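In this note's numbering, the protein residues as written are 431 to 806.
Right, here's the structure in full:
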(Lines of atoms letter the chains of each structure in order from A; the text may use other names.)
(Lines give C-alpha, C1' and ligand atoms only; values in the text may rest on other atoms or scores of the structure.)
Protein backbone atom coordinates (compact mmCIF):
# COMPACT_ATOMS: atom_id res chain seq x y z
CA UNK A 431 0.00 0.00 0.00
CA UNK A 432 2.85 2.37 0.76
CA UNK A 433 4.29 1.79 -2.70
CA UNK A 434 0.92 2.46 -4.32
CA UNK A 435 0.53 5.68 -2.31
CA UNK A 436 3.96 6.86 -3.44
CA UNK A 437 3.10 5.96 -7.03
CA UNK A 438 -0.06 8.08 -6.80
CA UNK A 439 1.85 11.06 -5.42
CA UNK A 440 4.40 10.68 -8.21
CA UNK A 441 1.65 10.44 -10.84
CA UNK A 442 -0.52 13.34 -9.68
CA UNK A 443 1.58 15.40 -7.29
CA UNK A 444 0.69 17.17 -4.08
CA UNK A 445 -3.01 17.11 -3.28
CA UNK A 446 -3.76 13.63 -4.58
CA UNK A 447 -6.15 12.00 -2.11
CA UNK A 448 -6.71 8.44 -0.97
CA UNK A 449 -10.42 7.55 -1.28
CA UNK A 450 -11.18 6.34 2.23
CA UNK A 451 -14.40 4.61 1.22
CA UNK A 452 -12.33 1.76 -0.24
CA UNK A 453 -10.82 0.84 3.12
CA UNK A 454 -10.48 3.05 6.17
CA UNK A 455 -9.24 2.57 9.68
CA UNK A 456 -6.97 4.67 11.89
CA UNK A 457 -3.83 2.85 10.75
CA UNK A 458 -4.73 3.26 7.07
CA UNK A 459 -5.41 6.96 7.60
CA UNK A 460 -1.96 7.44 9.07
CA UNK A 461 -0.29 5.34 6.37
CA UNK A 462 -1.78 7.36 3.52
CA UNK A 463 -0.80 10.69 5.05
CA UNK A 464 2.70 9.45 5.92
CA UNK A 465 3.18 8.65 2.24
CA UNK A 466 2.13 12.13 1.14
CA UNK A 467 -1.54 11.65 0.31
CA UNK A 468 -4.56 13.54 1.52
CA UNK A 469 -7.70 11.56 2.43
CA UNK A 470 -11.11 11.79 0.80
CA UNK A 471 -13.87 11.12 3.35
CA UNK A 472 -17.49 10.69 2.28
CA UNK A 473 -19.43 10.71 5.56
CA UNK A 474 -19.27 12.07 9.08
CA UNK A 475 -18.16 8.62 10.20
CA UNK A 476 -15.20 8.54 7.82
CA UNK A 477 -14.32 12.09 8.85
CA UNK A 478 -14.46 11.09 12.51
CA UNK A 479 -12.24 8.07 11.86
CA UNK A 480 -9.57 10.17 10.16
CA UNK A 481 -9.64 12.79 12.92
CA UNK A 482 -9.49 10.00 15.53
CA UNK A 483 -6.32 8.81 13.80
CA UNK A 484 -4.76 12.21 14.41
CA UNK A 485 -5.01 13.45 10.84
CA UNK A 486 -5.09 17.23 10.55
CA UNK A 487 -8.23 18.59 8.92
CA UNK A 488 -6.14 20.33 6.27
CA UNK A 489 -5.30 16.88 4.84
CA UNK A 490 -8.97 15.91 4.43
CA UNK A 491 -11.45 16.40 1.58
CA UNK A 492 -15.14 16.11 2.40
CA UNK A 493 -17.29 14.21 -0.10
CA UNK A 494 -20.85 12.86 -0.04
CA UNK A 495 -23.99 13.29 -2.14
CA UNK A 496 -26.24 13.96 0.87
CA UNK A 497 -24.17 15.65 3.56
CA UNK A 498 -26.23 16.60 6.57
CA UNK A 499 -25.89 19.96 8.26
CA UNK A 500 -24.16 18.15 11.12
CA UNK A 501 -21.60 16.59 8.77
CA UNK A 502 -20.91 19.92 7.09
CA UNK A 503 -20.51 21.56 10.47
CA UNK A 504 -18.05 18.83 11.50
CA UNK A 505 -16.08 19.40 8.30
CA UNK A 506 -15.94 23.16 8.75
CA UNK A 507 -14.97 22.90 12.42
CA UNK A 508 -12.24 20.40 11.51
CA UNK A 509 -10.88 22.79 8.90
CA UNK A 510 -11.03 20.35 6.00
CA UNK A 511 -9.06 21.36 2.93
CA UNK A 512 -11.95 21.15 0.47
CA UNK A 513 -15.65 20.31 0.41
CA UNK A 514 -16.90 18.67 -2.79
CA UNK A 515 -20.39 20.12 -3.20
CA UNK A 516 -22.94 17.81 -4.80
CA UNK A 517 -26.29 19.64 -4.79
CA UNK A 518 -28.11 22.94 -4.50
CA UNK A 519 -29.47 21.79 -1.14
CA UNK A 520 -25.90 21.46 0.09
CA UNK A 521 -25.12 24.99 -1.06
CA UNK A 522 -28.16 26.15 0.94
CA UNK A 523 -26.86 24.35 4.05
CA UNK A 524 -23.47 25.99 3.61
CA UNK A 525 -25.22 29.38 3.44
CA UNK A 526 -26.84 28.69 6.82
CA UNK A 527 -23.56 27.56 8.35
CA UNK A 528 -21.76 30.63 6.99
CA UNK A 529 -24.28 32.83 8.77
CA UNK A 530 -23.50 30.97 12.00
CA UNK A 531 -19.72 30.70 11.71
CA UNK A 532 -18.58 33.37 9.27
CA UNK A 533 -16.40 30.72 7.62
CA UNK A 534 -16.34 30.36 3.84
CA UNK A 535 -14.91 26.90 3.07
CA UNK A 536 -13.12 26.20 -0.20
CA UNK A 537 -15.26 24.04 -2.44
CA UNK A 538 -15.20 22.13 -5.71
CA UNK A 539 -18.46 21.50 -7.53
CA UNK A 540 -19.04 17.91 -8.59
CA UNK A 541 -20.26 17.80 -12.14
CA UNK A 542 -21.71 14.85 -14.05
CA UNK A 543 -19.94 14.80 -17.43
CA UNK A 544 -22.20 12.27 -19.14
CA UNK A 545 -19.39 9.78 -19.77
CA UNK A 546 -19.90 5.99 -19.97
CA UNK A 547 -17.45 4.29 -17.61
CA UNK A 548 -17.88 0.72 -18.95
CA UNK A 549 -18.35 -0.76 -15.50
CA UNK A 550 -21.14 -2.24 -13.36
CA UNK A 551 -24.34 -0.16 -13.25
CA UNK A 552 -24.18 0.20 -9.46
CA UNK A 553 -20.70 1.77 -9.53
CA UNK A 554 -21.08 3.89 -12.66
CA UNK A 555 -21.50 7.52 -11.60
CA UNK A 556 -20.60 9.80 -14.51
CA UNK A 557 -23.63 9.26 -16.74
CA UNK A 558 -26.39 11.87 -16.98
CA UNK A 559 -28.86 9.67 -15.07
CA UNK A 560 -27.05 9.72 -11.71
CA UNK A 561 -27.73 10.65 -8.11
CA UNK A 562 -24.35 12.39 -8.03
CA UNK A 563 -23.36 15.90 -9.00
CA UNK A 564 -24.60 18.65 -11.31
CA UNK A 565 -25.32 17.53 -14.88
CA UNK A 566 -23.43 19.38 -17.61
CA UNK A 567 -25.70 18.49 -20.54
CA UNK A 568 -28.85 19.95 -18.95
CA UNK A 569 -27.27 23.25 -17.93
CA UNK A 570 -27.66 22.47 -14.23
CA UNK A 571 -23.89 22.57 -13.72
CA UNK A 572 -23.74 26.10 -15.16
CA UNK A 573 -26.46 27.23 -12.75
CA UNK A 574 -24.51 25.69 -9.86
CA UNK A 575 -21.40 27.62 -10.91
CA UNK A 576 -23.37 30.85 -10.99
CA UNK A 577 -24.81 30.26 -7.54
CA UNK A 578 -21.51 29.26 -5.95
CA UNK A 579 -19.62 32.13 -7.56
CA UNK A 580 -22.04 34.75 -6.28
CA UNK A 581 -22.18 33.90 -2.60
CA UNK A 582 -19.85 34.73 0.26
CA UNK A 583 -20.74 31.45 1.96
CA UNK A 584 -18.17 29.47 -0.04
CA UNK A 585 -14.99 29.99 -2.02
CA UNK A 586 -15.30 28.19 -5.35
CA UNK A 587 -11.86 26.91 -6.35
CA UNK A 588 -12.52 24.09 -8.80
CA UNK A 589 -14.48 21.40 -10.58
CA UNK A 590 -14.68 17.71 -9.68
CA UNK A 591 -15.93 14.67 -11.62
CA UNK A 592 -15.99 10.95 -10.87
CA UNK A 593 -17.17 8.65 -13.66
CA UNK A 594 -17.34 5.37 -11.75
CA UNK A 595 -15.37 2.58 -10.11
CA UNK A 596 -13.43 -0.46 -11.38
CA UNK A 597 -12.78 1.28 -14.72
CA UNK A 598 -10.23 -0.48 -16.96
CA UNK A 599 -10.33 1.84 -19.97
CA UNK A 600 -8.28 5.00 -19.50
CA UNK A 601 -10.08 6.33 -22.58
CA UNK A 602 -13.11 6.87 -20.34
CA UNK A 603 -11.06 9.22 -18.15
CA UNK A 604 -9.70 10.97 -21.24
CA UNK A 605 -13.25 11.59 -22.45
CA UNK A 606 -14.20 12.94 -19.02
CA UNK A 607 -11.25 15.35 -19.14
CA UNK A 608 -12.37 16.59 -22.56
CA UNK A 609 -15.89 17.27 -21.30
CA UNK A 610 -14.60 18.92 -18.14
CA UNK A 611 -12.22 21.11 -20.14
CA UNK A 612 -14.97 22.41 -22.39
CA UNK A 613 -17.00 23.26 -19.31
CA UNK A 614 -14.30 24.48 -16.89
CA UNK A 615 -11.65 26.20 -19.02
CA UNK A 616 -13.70 29.39 -19.50
CA UNK A 617 -14.11 29.62 -15.72
CA UNK A 618 -10.36 29.91 -15.04
CA UNK A 619 -10.68 28.08 -11.73
CA UNK A 620 -7.37 26.92 -10.19
CA UNK A 621 -8.28 23.27 -9.47
CA UNK A 622 -9.71 20.26 -11.29
CA UNK A 623 -10.16 16.76 -9.84
CA UNK A 624 -10.72 13.73 -12.05
CA UNK A 625 -11.87 11.72 -9.02
CA UNK A 626 -10.98 8.04 -8.74
CA UNK A 627 -12.25 4.80 -10.19
CA UNK A 628 -9.16 3.11 -11.63
CA UNK A 629 -9.79 -0.64 -11.81
CA UNK A 630 -7.62 -3.44 -10.44
CA UNK A 631 -7.04 -7.03 -11.58
CA UNK A 632 -9.05 -9.50 -9.50
CA UNK A 633 -8.68 -12.45 -11.89
CA UNK A 634 -5.71 -13.78 -13.86
CA UNK A 635 -7.27 -12.65 -17.13
CA UNK A 636 -7.85 -9.06 -15.95
CA UNK A 637 -5.53 -6.39 -17.30
CA UNK A 638 -5.85 -3.15 -15.35
CA UNK A 639 -3.77 -0.03 -16.06
CA UNK A 640 -1.26 1.05 -13.42
CA UNK A 641 -1.65 4.28 -11.45
CA UNK A 642 1.29 5.64 -13.43
CA UNK A 643 -0.37 4.82 -16.77
CA UNK A 644 -3.61 6.37 -15.54
CA UNK A 645 -1.81 9.54 -14.47
CA UNK A 646 0.05 9.82 -17.76
CA UNK A 647 -3.17 9.45 -19.76
CA UNK A 648 -4.99 12.04 -17.66
CA UNK A 649 -2.13 14.55 -17.78
CA UNK A 650 -1.74 14.09 -21.53
CA UNK A 651 -5.47 14.67 -22.03
CA UNK A 652 -5.33 17.77 -19.84
CA UNK A 653 -2.44 19.15 -21.87
CA UNK A 654 -4.22 18.50 -25.16
CA UNK A 655 -7.37 20.10 -23.77
CA UNK A 656 -5.41 23.19 -22.69
CA UNK A 657 -6.33 22.77 -19.03
CA UNK A 658 -4.29 25.19 -16.93
CA UNK A 659 -5.77 24.21 -13.57
CA UNK A 660 -3.91 22.03 -11.09
CA UNK A 661 -5.15 18.49 -11.80
CA UNK A 662 -5.46 15.86 -9.11
CA UNK A 663 -7.21 12.55 -8.42
CA UNK A 664 -8.65 10.29 -5.70
CA UNK A 665 -7.55 6.65 -6.08
CA UNK A 666 -8.89 4.22 -3.48
CA UNK A 667 -9.29 0.69 -4.81
CA UNK A 668 -6.03 1.07 -6.76
CA UNK A 669 -4.22 1.75 -3.48
CA UNK A 670 -5.74 -0.86 -1.17
CA UNK A 671 -7.20 -3.77 -3.14
CA UNK A 672 -4.14 -5.75 -4.21
CA UNK A 673 -2.40 -5.38 -0.86
CA UNK A 674 -4.82 -7.62 1.05
CA UNK A 675 -5.46 -11.34 1.32
CA UNK A 676 -8.44 -12.64 3.30
CA UNK A 677 -7.93 -15.92 5.18
CA UNK A 678 -10.83 -18.27 5.91
CA UNK A 679 -11.07 -21.62 7.69
CA UNK A 680 -12.74 -24.46 5.77
CA UNK A 681 -15.60 -25.89 7.82
CA UNK A 682 -17.62 -28.01 5.40
CA UNK A 683 -16.97 -29.66 2.04
CA UNK A 684 -19.90 -30.99 0.00
CA UNK A 685 -19.31 -32.92 -3.23
CA UNK A 686 -22.43 -32.85 -5.39
CA UNK A 687 -21.80 -35.51 -8.03
CA UNK A 688 -22.19 -34.20 -11.54
CA UNK A 689 -22.65 -30.63 -10.30
CA UNK A 690 -19.92 -29.03 -8.18
CA UNK A 691 -18.07 -29.04 -4.88
CA UNK A 692 -19.15 -26.52 -2.25
CA UNK A 693 -16.59 -25.34 0.29
CA UNK A 694 -18.13 -23.46 3.21
CA UNK A 695 -15.90 -21.16 5.24
CA UNK A 696 -16.15 -19.12 8.44
CA UNK A 697 -17.03 -15.85 6.70
CA UNK A 698 -19.07 -14.83 3.70
CA UNK A 699 -21.03 -11.92 2.34
CA UNK A 700 -20.69 -10.13 5.67
CA UNK A 701 -16.96 -9.60 5.11
CA UNK A 702 -17.00 -9.42 1.29
CA UNK A 703 -20.36 -8.53 -0.28
CA UNK A 704 -18.90 -7.70 -3.71
CA UNK A 705 -19.58 -11.10 -5.32
CA UNK A 706 -23.24 -10.83 -4.26
CA UNK A 707 -23.69 -7.15 -5.16
CA UNK A 708 -21.74 -6.97 -8.40
CA UNK A 709 -21.08 -10.56 -9.45
CA UNK A 710 -17.38 -9.89 -8.80
CA UNK A 711 -14.92 -12.68 -9.43
CA UNK A 712 -12.06 -13.76 -7.16
CA UNK A 713 -9.30 -16.37 -7.18
CA UNK A 714 -8.47 -18.65 -4.25
CA UNK A 715 -5.58 -20.84 -3.07
CA UNK A 716 -4.28 -22.82 -0.10
CA UNK A 717 -1.45 -21.00 1.73
CA UNK A 718 0.03 -24.36 2.80
CA UNK A 719 0.41 -25.44 -0.85
CA UNK A 720 1.07 -22.33 -2.92
CA UNK A 721 3.03 -24.22 -5.59
CA UNK A 722 0.80 -27.31 -5.75
CA UNK A 723 -1.30 -28.18 -8.78
CA UNK A 724 -4.77 -26.66 -8.38
CA UNK A 725 -6.88 -29.31 -10.07
CA UNK A 726 -10.00 -29.34 -7.88
CA UNK A 727 -12.83 -27.05 -8.98
CA UNK A 728 -14.76 -25.56 -6.05
CA UNK A 729 -17.30 -22.90 -5.18
CA UNK A 730 -16.42 -21.06 -1.97
CA UNK A 731 -19.49 -20.06 0.03
CA UNK A 732 -20.12 -18.44 3.38
CA UNK A 733 -22.15 -19.37 6.44
CA UNK A 734 -25.02 -16.93 5.91
CA UNK A 735 -28.65 -17.96 5.51
CA UNK A 736 -29.07 -17.59 1.77
CA UNK A 737 -27.95 -19.42 -1.34
CA UNK A 738 -26.47 -16.29 -2.87
CA UNK A 739 -23.84 -16.10 -0.13
CA UNK A 740 -20.79 -16.88 -2.22
CA UNK A 741 -17.19 -15.65 -2.18
CA UNK A 742 -15.55 -17.42 -5.12
CA UNK A 743 -17.85 -18.66 -7.88
CA UNK A 744 -15.26 -20.74 -9.73
CA UNK A 745 -12.14 -21.48 -7.69
CA UNK A 746 -9.36 -24.04 -8.04
CA UNK A 747 -7.43 -25.69 -5.20
CA UNK A 748 -5.30 -28.84 -4.71
CA UNK A 749 -7.37 -32.02 -4.57
CA UNK A 750 -6.11 -32.80 -1.06
CA UNK A 751 -7.88 -29.80 0.50
CA UNK A 752 -9.63 -30.85 3.68
CA UNK A 753 -11.79 -29.53 6.51
CA UNK A 754 -9.70 -27.32 8.77
CA UNK A 755 -7.51 -25.97 5.98
CA UNK A 756 -6.94 -22.24 5.69
CA UNK A 757 -8.07 -20.98 2.30
CA UNK A 758 -7.02 -17.58 0.96
CA UNK A 759 -8.68 -15.04 -1.33
CA UNK A 760 -6.35 -12.32 -2.65
CA UNK A 761 -7.11 -8.76 -3.78
CA UNK A 762 -9.63 -8.13 -0.99
CA UNK A 763 -8.28 -4.83 0.34
CA UNK A 764 -11.01 -2.62 -1.11
CA UNK A 765 -14.73 -2.63 -0.33
CA UNK A 766 -14.65 -5.68 1.91
CA UNK A 767 -13.90 -4.32 5.37
CA UNK A 768 -15.57 -1.02 4.48
CA UNK A 769 -18.80 -2.68 3.27
CA UNK A 770 -18.84 -5.38 5.93
CA UNK A 771 -21.80 -6.14 8.16
CA UNK A 772 -22.94 -8.30 11.06
CA UNK A 773 -25.55 -10.18 9.04
CA UNK A 774 -26.61 -13.26 11.06
CA UNK A 775 -24.69 -11.65 13.94
CA UNK A 776 -21.43 -12.98 12.52
CA UNK A 777 -18.35 -11.35 13.98
CA UNK A 778 -16.23 -9.12 11.78
CA UNK A 779 -12.63 -10.29 11.29
CA UNK A 780 -9.50 -8.52 12.42
CA UNK A 781 -7.24 -6.54 10.09
CA UNK A 782 -3.52 -7.27 10.12
CA UNK A 783 -0.85 -5.05 8.58
CA UNK A 784 2.42 -6.71 7.59
CA UNK A 785 5.63 -4.76 7.05
CA UNK A 786 9.05 -6.33 6.42
CA UNK A 787 7.90 -9.63 7.90
CA UNK A 788 6.40 -8.08 11.04
CA UNK A 789 2.64 -8.46 11.59
CA UNK A 790 0.55 -5.98 13.58
CA UNK A 791 -3.16 -6.11 14.38
CA UNK A 792 -4.63 -2.71 13.49
CA UNK A 793 -8.34 -3.59 13.84
CA UNK A 794 -9.30 -6.14 16.49
CA UNK A 795 -11.50 -9.13 15.75
CA UNK A 796 -15.02 -8.54 17.04
CA UNK A 797 -16.31 -10.38 20.08
CA UNK A 798 -19.84 -11.44 21.00
CA UNK A 799 -19.77 -8.66 23.59
CA UNK A 800 -19.28 -6.16 20.75
CA UNK A 801 -22.55 -7.34 19.22
CA UNK A 802 -24.59 -6.25 22.24
CA UNK A 803 -22.57 -3.18 23.24
CA UNK A 804 -25.19 -0.76 21.88
CA UNK A 805 -28.21 -2.65 23.18
CA UNK A 806 -30.43 -0.91 25.75
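In this text, a Cβ means the ideal position worked out from N, Cα and C, and glycines have one as well.
Keep in mind that this is a model prediction, so the values were computed, not measured.
Backbone secondary structure at residue i - three-state DSSP
| i | result |
| --- | --- |
| residue 479 | helix |
| residue 532 | coil |
| residue 588 | strand |
| residue 432 | helix |
| residue 439 | helix |
| residue 594 | strand |
| residue 805 | coil |
| residue 727 | strand |
Residue i - containing beta strand (DSSP E), residue span
| i | result |
| --- | --- |
| residue 413 | Nothing can be reported for residue 413, as the shown portion of the chain is limited to 431 through 806. |
| residue 489 | Looking at the DSSP string, residue 489 is not in any beta strand (DSSP E), and its letter there is neither H nor E. |
| residue 789 | 788-793 |
| residue 513 | 512-515 |
| residue 502 | It is not in any beta strand (DSSP E) - residue 502 instead sits in the alpha helix (DSSP H) that spans 499-508. |
Assigned exposure category for residue i - 16 Cβ within 10 Å defines buried
| i | result |
| --- | --- |
| residue 526 | exposed |
| residue 539 | buried |
| residue 650 | exposed |
| residue 601 | exposed |
| residue 532 | exposed |
| residue 684 | exposed |
Residue from the options whose Cα sits closest to the Cα of residue i
| i | options | result |
| --- | --- | --- |
| residue 714 | 733, 706, 734 and 693 | 693 |
| residue 612 | 749, 653 and 446 | 653 |
| residue 518 | 759, 579, 593 and 532 | 579 |
| residue 797 | 785, 788, 791 and 776 | 776 |
| residue 759 | 790, 695, 788 and 791 | 695 |
| residue 628 | 614, 619, 672 and 725 | 672 |
| residue 618 | 640, 603, 581 and 657 | 657 |
Span of the alpha helix (DSSP H) around residue i
| i | result |
| --- | --- |
| residue 641 | 641-654 |
| residue 602 | 600-614 |
| residue 577 | 570-579 |
| residue 463 | 456-464 |
| residue 708 | 704-708 |
| residue 778 | Counting along the chain, residue 778 falls outside any alpha helix (DSSP H), and DSSP gives it neither H nor E. |
- Taking 8 Å as the threshold, find out whether the region 614-626 comes into contact with the region 588-600 through three or more Cβ pairs. yes
- Do the region 694-702 and the region 751-768 touch if we need at least three Cβ pairs shorter than 8 Å? yes
- Query: Does the region 662-672 touch the region 730-746, meaning 3 or more C-beta pairs lie closer than 8 Å?
  - Reply: no
- Should the region 459-470 be called in touch with the region 433-451, which here means at least 3 C-beta pairs below 8 Å? Yes: at least three Cβ pairs fall under 8 Å.
- Item | Cβ contact check for the region 784-804 and the region 707-722: 3 or more pairs under 8 Å | In short, these stretches do not touch, since the Cβ pair count stays below three.
- Task: Determine contact between the region 778-793 and the region 474-487, defined as no fewer than three beta-carbon pairs at a distance below 8 Å.
- Result: no
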